[in-house]
Every structure is written in C-alpha cells, then in structure tokens.
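Undergrad:
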Amino acid sequence: MAKTHAVSFSRTGGPDVLEYVEVDLPAPGAGQVQIKHAAIGLNFIDVYFRTGLYTAPQLPFVTGKEAAGTVTAVGSGVDDFKVGDRVAYASADGAYSVERNIETKHLVKVPDGISLETAASMMLKGMTAEYLLNRTYKVGPDTAILFHAAAGGVGLIAGQWAKALGATVIGTAGSDSKVRLAREHGYDHVINYNTENFAERVRDITGGTGVHVVYDSIGRDTFPQSLDCLRRLGMFVSFGQSSGPIENFTLAMLAQKGSLFATRPTLFTYVATREELTNCANALFDVVLSNKVRININQTYPLREVGRAHMDLESRKTTGTTLLIP
Ligand SMILES: NC(=O)c1ccc[n+]([C@@H]2O[C@H](COP(=O)([O-])OP(=O)(O)OC[C@H]3O[C@@H](n4cnc5c(N)ncnc54)[C@H](OP(=O)(O)O)[C@@H]3O)[C@@H](O)[C@H]2O)c1
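Heads up, the sequence shown is in the working numbering, so the first residue is 233 and it goes up one at a time.
#1: State yes or no: is the C-beta of alanine 383 nearer than 8 Å to some heavy atom of ligand 1?
#2: List in chain order: all unbroken alpha helix (DSSP H) runs of 4+ residues lying wholly within the stretch 353-401.
#3: Can you list, in chain order, the residues of its chain whose CB lies under 8 Å from that of glycine 391, leaving out five sequence neighbours each side?
#4: Rounded C-beta distance between phenylalanine 517 and proline 343? I'm assuming under 8 Å.
#5: Which one or two residues does DSSP pair with tyrosine 321 in a beta bridge?
#6: If phenylalanine 281 and alanine 270 are in contact, beta carbons under 8 Å, what's the gap, nearest whole angstrom?
#7: Can you list, in chain order, the residues of its chain with a C-beta nearer than 7 Å to that of arginine 464? Leave out the 5 residues immediately preceding and following it.
#8: Relative to ligand 1, is the shortest distance from any of its heavy atoms to the C-beta of asparagine 353 smaller than 8 Å?
#9: With 16 as the cutoff for other CB atoms within 10 Å, does lysine 410 come out buried or exposed?
#10: Expressed to the nearest angstrom, what Euclidean distance is found between the alpha-carbon atoms of glycine 326 and glycine 296?
#11: What ranges does the alpha helix (DSSP H) occupy inside the stretch 485-522, keeping only unbroken runs of at least 4 residues that lie completely in it?
#12: Within the present structure, is the beta-carbon of asparagine 480 separated from the nearest heavy atom of ligand 1 by less than 8 Å?
#13: Given 8 Å as the limit, tell me if alanine 405 has its C-beta closer than that to any heavy atom belonging to ligand 1.
#14: Hey, out of Arg243, Gly385 and Gln264, whose CA is closest to threonine 553's CA?
#15: Give the C-beta separation of alanine 361 and histidine 338 to the nearest angstrom, bearing in mind that I take them to be a contact with Cβ-Cβ under 8 Å.
#16: Does the stretch 524-541 come close enough to the stretch 248-261 that 3 or more CB-CB pairs lie under 8 Å?
#17: Helix, strand or coil for proline 534? Go by DSSP, reduced to three states.
#18: Of the choices Ala351, Lys314, Tyr286 and Ala322, whose alpha-carbon is the least far from that of valine 220?
#19: Nearest-angstrom Cα distance between valine 319 and aspartate 448?
#20: When you measure from the CB of tyrosine 280 to every non-hydrogen atom of ligand 1, does any distance come out below 8 Å?
#21: So which of Leu274, Gly245, Arg332 and Leu397 has the shortest CA-CA distance to leucine 285?
#22: State yes or no: is the C-beta of threonine 336 nearer than 8 Å to some heavy atom of ligand 1?
#23: CB-CB under 7 Å to proline 456, same chain, minus the five flanking residues each way: which ones, in chain order?
#24: Quick check on serine 329: buried or exposed, where buried means 16 or more other Cβ atoms within 10 Å of its Cβ?
#25: State the DSSP-derived secondary structure class of glutamate 416, mapped to helix, strand or coil.
#26: Find out if the Cβ-Cβ distance for the pair tyrosine 425, glycine 451 is shorter than 9 Å.
#27: Label lysine 240 either buried or exposed according to how many other C-beta atoms from any shown protein chain fall within 10 Å of its C-beta, with 16 as the threshold for buried.
#28: In this structure, what does DSSP give as the bridge partners for alanine 431?
See the structure below:
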C-alpha cells in the first residue's frame, strides 16, 4: 500500500502531543477523491481538539479541517471531480496530512485567480465571516458591530467584509501593533482590550446606545462585558472560546441587559447542505476576487513543525491567517 505522512496525536495535551508520522494511503473509496495538499490552514479549532476541549472521534487522530490541493485520483461514482482539479475544503477532519482521501461532499473547486495557498488559508475563516455577517445577523449600512480579536484570522477578514457591507465596524485587539493592523483592514475603531475597558469605549463610540451585534470568539475573558456593549434587542454571537469557555451564562441575563438575543453558531451547521456550501464559498471567492477582502497569510510553517504553530497561535503571537506547508 502507498504511504504518506500526517500529523496525529494519540493523547490530548500540549503541542508536544502532535507527531509527524507515516500513514497508509489506500486508493480512494466510492464517493472519494485523493488529494495532494499544497497547503493546510491553521485554525483555533485544531487547538480545541488537541487539548481535548472538543472530543476527537478516535485516537490516534489526524486533526485539521482546512486545506487546498490537487486531485490525484478519483474513486468510483465520482463524476463532478477529475484528476488535476484544484480543490479546497474547510469541514473535514484529517487536513494535517501530505496526501489524503476525502469525500467529495466537502470539496469546492478553487477558481482561477485564487492560489491554493490563499484558498487553504481562507476557506474556514472566510466562510465563517460570510455566515456570521450575512446569516447569523444580516449586517448592512445601518448596522454597528463589535468584532473581538480583530487582528486574528477570522477578524481581519470579517473587518474588511463588514466594511464592504457598509457597517460601522468596531474591533478589539490585544496590542497596539494589532490595533494598527486591524485599522488597516476595515475597522473604523479598534480598542486595545488589554489596556482599555472595551464596553465603556463601545458605549462612547456609539453615543451611549451600543452596537446591534457582538461577535465574540474570546469566551471567558470577555464575558459578560460583551453583553454590556449591546443596544436593547441586540444579538450576542458567541462563536468561539480562545480564552476558555463561558461559565455562568443564564437566560435571565438576556432579560436584564435589554431583551437580548444570544446564539452559539458553528460553520459546519451553516454549510451543511451542498447548496449552502457552494453559496458560502462562492460569496467568499467573490469578495476576494473583487479585492474587497485581502487575505493576509502572515505566518507559514512546515507541517512537521505544527507544534510551534500551535504555540504561536495560543500565545497570541499570530495575526491574520497561518499556513502549514506539507
Ligand atoms: N463557530 C465557528 O463557526 C468558528 C469558525 C472559525 C473560528 N471560530 C473561532 O474564532 C476564533 C478565531 O479563530 P482564528 O483561528 O481566526 O484565531 P485567531 O483569531 O487568529 O487567534 C485567536 C486570537 O484570540 C485572541 N485571544 C484573546 N484571548 C486569548 C487567549 N487567552 N488565548 C489565545 N488567544 C486569545 C488573540 O488576539 P488578541 O491578542 O488580539 O487578543 C488571538 O490572536 C476562535 O475562537 C475560533 O474558535 C469559530
């Protein structure tokens, strides 16, 4: 049987549990194609699986959700993909690999004008920005939003996209250099939440009323202050927990703070059907090809050094998107 390499872990823990290992590469099965990855996207969800915050379906586990590459073999029953197609995906475990088999339901074709590296770095983060801004809450010219971790992977894409939709875009970031970076990527106002009280600043910026929607991927460290940034009937979107899970959330808080709405969305439910996936991916390709959204690949690591990449992501050293190169 052919062999390839992948990064897997046999127990949860720190970045040292990630191992670069040789694995079998069987021929693709029915409904599958084989891909040679050009690049793999690094995402915070990879950290959640590695630490055990999210439970891996089995051990050893090859984590990673996002990558792009070229189809090298086609299994039976596949008629919509052929050898040589440039493809990308954001919703299949096992992306930390040099080559792999994958069910075609996860794949989209990468259009001319978008490199495989750009696709690998933006599919998960960019499709997340799409559903958050267009579907979880319909952001438009009359909307004021607060987006935490504005200089991060999702954050730099979301700032530019929200600006293109005409919104008033407020962000937070953890250092002055990140504040400057976010300001260059669509944010009208950026608050350093390590040195300033962000809820007070949001109130000041919005003339006391608050924003329509808060996009919070920080979790523990920004709760419950994020609720204090909202105007009455505002929407609290909790879509991640980079600092740890939110504790002590109660429905009564939503009443006390102005009949608020709250949701905990995931990309995977928003692209569950083929139509949703292609619409979401096409919307992302459109904003990138029209230069409304620039993708900043600010860090690149060899796949075998993925432990270092995890450390940098967790210690808040990265900005924009990060690639792993097989
Ligand atoms: N639900 C979904 O569909 C979905 C999809 C994609 C991503 N997400 C979530 O969105 C968030 C962003 O993902 P990403 O991959 O683009 O990562 P990222 O934003 O590039 O990195 C996380 C950022 O969070 C901030 N942060 C604040 N407190 C932190 C802490 N204690 N530890 C680490 N980081 C902290 C840091 O920015 P500062 O230094 O500026 O604070 C850090 O750079 C993650 O929480 C992820 O789980 C959710």
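Even glycine gets a Cβ: it sits at the ideal position worked out from N, Cα and C.
TA: In this structure, then:
#1: yes
#2: For the stretch 353-401, whole alpha helix (DSSP H) runs of length 4 or above, ordered along the chain, are 385-396.
#3: Phe379, Ala382, Val401, Gly403, Ala414, His417, Gly418 and Tyr419
#4: Going by Cβ atoms, the distance from phenylalanine 517 to proline 343 rounds to 5 Å, so yes, they are a contact pair.
#5: Residue pairing by DSSP places tyrosine 321 opposite Ala299 in a beta bridge.
#6: That belief does not hold up - the Cβ atoms of phenylalanine 281 and alanine 270 are roughly 23 Å apart, past 8 Å.
#7: Gly490 and Ser491
#8: Before going further, note that residue 353 is serine rather than asparagine in the sequence given. Result no, Cβ not under 8 Å from ligand 1.
#9: buried
#10: 5 Å
#11: 499-502 and 506-521
#12: The answer is no for asparagine 480.
#13: yes
#14: Gly385
#15: Going by Cβ atoms, the distance from alanine 361 to histidine 338 rounds to 19 Å, so no, they are not a contact pair.
#16: yes
#17: strand
#18: Past the edges of the chain, shown from 233 to 558, lies residue 220, and the structure says nothing about it.
#19: 30 Å
#20: yes
#21: Gly245
#22: no
#23: Met485
#24: buried
#25: Looking at glutamate 416 - three-state DSSP - the assignment turns out to be coil, as it is neither helix nor strand.
#26: no
#27: Looking at the sequence itself, residue 240 is serine, so the reference to lysine does not match. The residue is buried, with at least 16 neighbouring Cβ atoms inside 10 Å.
#28: Paired residue(s): none; alanine 431 is not in a bridge.
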